[in-house]
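Just below is one structure, and these are the notes that go with it.
Okay, structure coming up:
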């Protein structure tokens, strides 16, 4: 047990502290129906890391700067492509950005002697090797971003959950949208270095979908989403240690299992509710 705790302590702390802001962003993304924007933005951030690797930057701040710069470009693209004209859905453009960024990353890493290993790292990360300083820096950054969202929550919630009202009230949707994506870019850039692209997508989407299946209010969704992320993290870490599995992939699969359980429970609950309603109507 002592050995397990020494190995898994900081990965566990990272999986308990960091997904909170991802769950919140996930609720926005699911409501906007741009499910793959997080995957695309994470891949764009990973592309920036690939460029830094190819340029042989050995300092963390240089790699982070390249990743963040690419993420800001992605944020600008997603802001400008959000329109009310649905002839070309924004989700299609997001998918194109993801595919092009992934292909570009493969091309860049093909020029590196450790290309295959780096490509794997961008997908599943190295959560098992996370350092305390990385976790604490990311948590401090997420706390600041959380405060910004709290202070301006009315505008952020309106552009995601009530865009028509925002337009009617004269809110600058594009400006707030860009700020939303810029802050999201900081979140993605920090986490992609720790958990990889697949973990970011899973933490953003799976808890949000589970919350939407079970509860209605935003506060309740945040609680359910965080509990889902926490449960999936603990199960995934435990399975990784006991079965000697890749940690990031184990957590992603555990979150997928949590979604399956919630989906079945939600469907069963709705059927039971309809049955009770029919019984009361007959009575």
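In my numbering, the protein residues as written are 1 to 283.
In this text, a Cβ means the ideal position worked out from N, Cα and C, and glycines have one as well.
Keep in mind it's a predicted model, so treat the numbers as computed, not measured.
Going by the CB atoms, is the gap between residue j and residue i shorter than 8 Å?
i, j, result
"residue 75", "residue 66", "no"
"residue 46", "residue 105", "yes"
"residue 11", "residue 189", "no"
"residue 180", "residue 147", "no"
"residue 27", "residue 112", "no"
"residue 18", "residue 138", "yes"
"residue 37", "residue 212", "no"
"residue 231", "residue 263", "no"
"residue 207", "residue 239", "no"
Of the residues the options, which one's Cα is nearest the Cα of residue i?
i, options, result
"residue 236", "211, 73, 60, 202", "202"
"residue 13", "112, 121, 78, 132", "132"
"residue 254", "212, 30, 100, 199", "199"
"residue 73", "239, 178, 256, 161", "178"
"residue 99", "43, 110, 268", "43"
"residue 296", "22, 167, 171, 162", "Since the first residue shown for the chain is 1 and the last is 283, residue 296 is missing from the structure and cannot be characterised."
"residue 219", "157, 168, 57", "157"
"residue 108", "49, 69, 229", "49"
"residue 214", "167, 265, 162, 245", "265"
"residue 70", "60, 101, 87, 61", "101"
"residue 20", "165, 173, 164, 145", "145"
For the alpha helix (DSSP H) that contains residue i, what are its first and last residues?
i, result
"residue 201", "196-214"
"residue 235", "218-243"
"residue 149", "132-151"
"residue 19", "19-32"
"residue 190", "173-192"
"residue 289", "Since the first residue shown for the chain is 1 and the last is 283, residue 289 is missing from the structure and cannot be characterised."
"residue 164", "163-168"
"residue 90", "90-109"
"residue 48", "37-54"
From residue i to residue j, what does the alpha carbon distance come to, in whole angstroms?
i, j, result
"residue 205", "residue 260", "13 Å"
"residue 103", "residue 97", "10 Å"
"residue 33", "residue 242", "37 Å"
"residue 90", "residue 64", "28 Å"
"residue 233", "residue 251", "5 Å"
"residue 194", "residue 123", "10 Å"
"residue 141", "residue 135", "10 Å"
"residue 81", "residue 93", "8 Å"
"residue 24", "residue 184", "11 Å"
"residue 77", "residue 186", "16 Å"
"residue 197", "residue 191", "9 Å"
"residue 267", "residue 35", "22 Å"
"residue 210", "residue 68", "30 Å"
"residue 15", "residue 117", "23 Å"
"residue 79", "residue 121", "28 Å"
"residue 277", "residue 217", "At residue 277 the pLDDT is 46, less than 50, meaning the model places this residue with poor confidence; the figure from the coordinates comes in the next sentence. Distance between the alpha carbons of residue 277 and residue 217: 23 Å."
"residue 164", "residue 87", "18 Å"
"residue 57", "residue 110", "17 Å"
Tell me, please, whether the stretch 146-165 touches the stretch 219-228 by the rule of three or more beta-carbon pairs shorter than 8 Å.
-> no
Touching or not, the stretch 125-140 and the stretch 4-14, by the rule of three or more beta carbon pairs under 8 Å?
-> yes
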